[in-house]
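Undergrad: A single structure is presented below for examination.
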Amino acid sequence: MPRNDGAQRDHGVEPSRALQDAVDPCAPLSSETVYTGRIWNVVTESFAFPHSDEPLVRDYIDHTGAVSVVVLDEQQRILLQRQYRHPVGMRLWEIPAGLLDVDGEPALEAARRELAEEADLAAETWHVLTDFFNTPGYSSEAQRVFLARGLSEVPEHERHLRTDEEADMQSAWVPLDEAVGLVLEGRLHNPSAVVGILAAHAAAATGFAGLRPADSPWDEHPRLRP
């Protein structure tokens, strides 16, 4: 009889240290923009896939990408801001974030700009905290989450005039441990906030050792690939 000691069997899964998402696009056989929006477009593409006898057809949102910022002060508190989001009909607690919608603007500079515009803050120390795709099943949106520390206020005469949904944003400084609790209790729902809070909490446990430089390449972003 084989010994059953509860050990997990290897089913061909790579060791965790070897796991990495791979850039491996299927070249489109056809591509058509079927909707042109103010911020993003909808594209229909067909492509050959190795396990399908016929070309596959997919619609997806062609997105510019975005950046967001985990802002930590000296007391290990994270800045959260409440903003109205019409598609879900909710006011969500989020971290400062914005689109990569300025041609040629590096992701780090976009993050600096968004931090100043949304929070009236500048930061001395920047790192890449993590990267993720927001909804890869139907959108090309890639998001880079930065960690910003060493904070200072933007002079009042240089501050951005916030309008539309940003006009009545509220801000709160929340201890990082408490913010994790808010995520796990289902009280926070914004994806960049959820990802950023959990990533920052994990990074804090190591003293933020091993974080990537703020200007690290971002080749996974569909629009930034070599």
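Numbering (the UniProt record's numbering), first residue to last: 1 to 226.
From the three backbone atoms N, C-alpha and C, an ideal C-beta is built for every residue, glycine too.
Taking the alpha-carbon positions, what's the Leu80 to Pro15 distance?
TA: Near 36 Å, if we compare the C-alpha coordinates of Pro15 and Leu80.
Undergrad: If Phe146 sits next to Val43, beta carbons under 8 Å apart, how far is it from one beta carbon to the other, in whole angstroms?
TA: 28 Å between Cβ atoms; not a contact.
Undergrad: When burial is assigned at 16 or more other CB atoms within 10 Å of the CB, is Ile39 buried or exposed?
TA: Per the 10 Å Cβ criterion, exposed.
Undergrad: With respect to the beta strand (DSSP E) encompassing Ile95, which residues constitute its N-terminal and C-terminal limits?
TA: No beta strand (DSSP E) contains Ile95, which DSSP labels as neither H nor E.
Undergrad: So Arg30 and Ser52 are supposed to be a Cβ contact under 8 Å. How far apart are they, rounded?
TA: Here the sequence assigns Ser to residue 30, which means Arg is not the residue at that position. No, Ser30 and Ser52 are not in contact; Cβ-Cβ is about 15 Å, not under 8 Å.
Undergrad: DSSP puts Tyr138 in a beta bridge; with which residues?
TA: Paired residue(s): none; Tyr138 is not in a bridge.
Undergrad: Does Glu74 pass the burial test, meaning 16 or more other C-beta atoms within 10 Å, or should it be called exposed?
TA: Exposed, since its Cβ has fewer than 16 Cβ neighbours within 10 Å.
Undergrad: Specify the secondary structure class of Ser192 as computed by DSSP and reduced to three states.
TA: In the structure shown, Ser192 sits in a helix (DSSP, three-state: H, G or I).
Undergrad: Whole angstroms are fine: how far does the CA of Val195 sit from the CA of Leu151?
TA: In a straight line, the C-alpha of Leu151 is about 22 Å away from that of Val195.
Undergrad: Using the three-state DSSP reduction, which class does Val69 fall into: helix, strand or coil?
TA: Three-state result, Val69: strand.
Undergrad: In this structure, does DSSP put Glu118 in helix, strand or coil?
TA: Glu118: helix per DSSP, three-state reduction.
Undergrad: With H, G and I counted as helix, E and B as strand and the rest as coil, what does DSSP make of His127?
TA: Strand at His127.
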